[in-house]
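Residue numbers for the sequence shown follow the working numbering, so the first one is 36 and each next one is one higher. These notes concern the structure reproduced below.
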Amino acid sequence: MTRAEARRAAKARKDSAAVIASRVLGEAFITLGVVMLLFVTYQLWWTNVRAHQEAGSAAKKIAQDWADGRKPGAFAPGEGFALMHIPKLDVVAPIAQGTSKAKVLDKGMIGHYDEAGLKTAMPSDATGNFAVAAHRNTHGEPFRYINRLKAGDKVVVETQDAYYTYEITSELPQTPPSNVSVLKPIPAGSGFTKPGRYLTLTTCTPEFTSTYRLIVWGKMVDDRPRSKGKPDALVG
């Protein structure tokens with residue numbers, strides 16, 4: 036083979052520009068796929084792991100405060116003050132003041148609406164609407180299955196001094212986030228027509244989106260001091 040023929044043969048063996056470009060593009064897609072898989076794993080698994088740890092720590096702190104006899108009063112934003120039990124869903128989660136995403140919701144806690152313009156009642160109030168929010172997906176997702184609650188199911192709010200039992204009455208499957216009338220003392224759309232002691236659970240819907248809100252309402256049916264023991268809904 037002459038020198039010229041050798042050069043031509045070597046050039047023929049080299050990958051064309053199209054082959055090189057397709058190889059680079061393929062590697063880029065593989066890298067992107069790995070990154071997306073890691074992100075989905077983080078969102079769907081790791082955020083729940085971290086949130087459950089943080090919510091567990093918050094619940095322990097609440098119990099310790101009660102054991103130390105800390106007198107209830109004004110709670111700071113992000114501070115835990117009660118526990119919510121939803122026996123049908125096997126949920127027990129701490130309730131904190133405010134609905135800050137970073138300080139409350141992303142830590143796996145249930146947030147009590149207490150911000151300016153959205154201030155709602157406490158369970159101990161004589162009348163009013165105790166309204167709360169929590170994640171439906173990721174970050175602990177304590178309200179993942181509240182759409183399964185039916186009329187007659189019980190939700191118990193446990194505080195330092197008492198157990199407050201609510202009975203589920205109705206739901207609003209979908210409403211815009213701007214519809215804050217569902218948080219009023221007599222929540223719009225709930226079917227309640229006069230002042231009472233109400234509960235409003237709110238979360239995002241459809242799942243894995245924040246386009247709309249799912250609302251579940253209840254009314255208080257039992258208010259008992261801790262000294263009388265647990266309510267029937269928590270016994271057994």
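Heads up, the beta-carbon is just placed ideally off N, CA and C, and yes, glycines get one too.
Mind checking who TRP101 pairs with in its DSSP beta bridge? Partner(s): none; TRP101 has no beta bridge.
Classify TYR77: buried if its beta carbon has 16 or more other beta carbons within 10 angstroms, exposed otherwise. No answer about TYR77 holds up, because its pLDDT of 48 lies below 50 and its placement is not dependable.
Which residues does DSSP pair with ARG232 in a beta bridge? GLY163
Alpha carbon to alpha carbon, how far is ILE203 from ALA186? Give it in angstroms, no decimals. 5 angstroms
Taking the alpha carbon of LYS154 as the point to measure from, which residue in GLY143, ALA161, GLN132 and VAL139 has its own alpha carbon closest? Shortest Cα-Cα distance from LYS154 to any of GLY143, ALA161, GLN132 and VAL139 involves GLN132.
Where does SER277 sit, in a helix, a strand or coil, going by DSSP? The first residue shown for the chain is 36 and the last is 271, placing residue 277 beyond what the model contains.
Using the Cα positions of GLY271 and SER262, report the straight-line distance between them to the nearest angstrom. 18 angstroms
Can you have a look at ARG183 and say buried or exposed, based on whether 16 or more other CB atoms are within 10 angstroms of its CB? exposed
Alpha carbon of LYS95 to alpha carbon of THR244, nearest angstrom: 31 angstroms
In three-state terms, what does DSSP make of THR155? Correct three-state label for THR155: coil.
LEU73, buried or exposed, once every other Cβ within 10 Å from all chains shown has been counted against 16: Confidence is the limiting factor: at LEU73 the pLDDT is only 49, short of 50, which leaves the residue's position unreliable and the question unanswerable from this model.
Candidates SER216, TRP101, THR200 and LEU124, of which the one nearest ASP258 by Cα: The residue with the shortest Cα to Cα distance from ASP258 is THR200.
Limits of the beta strand (DSSP E) - the one that HIS147 falls within: For HIS147, the enclosing beta strand (DSSP E) covers residues 145-147.
What's the call for ARG248, buried or exposed, on a 16-neighbour Cβ count within 10 Å? buried
Endpoints, beta strand (DSSP E) assigned at GLU193: 189-193
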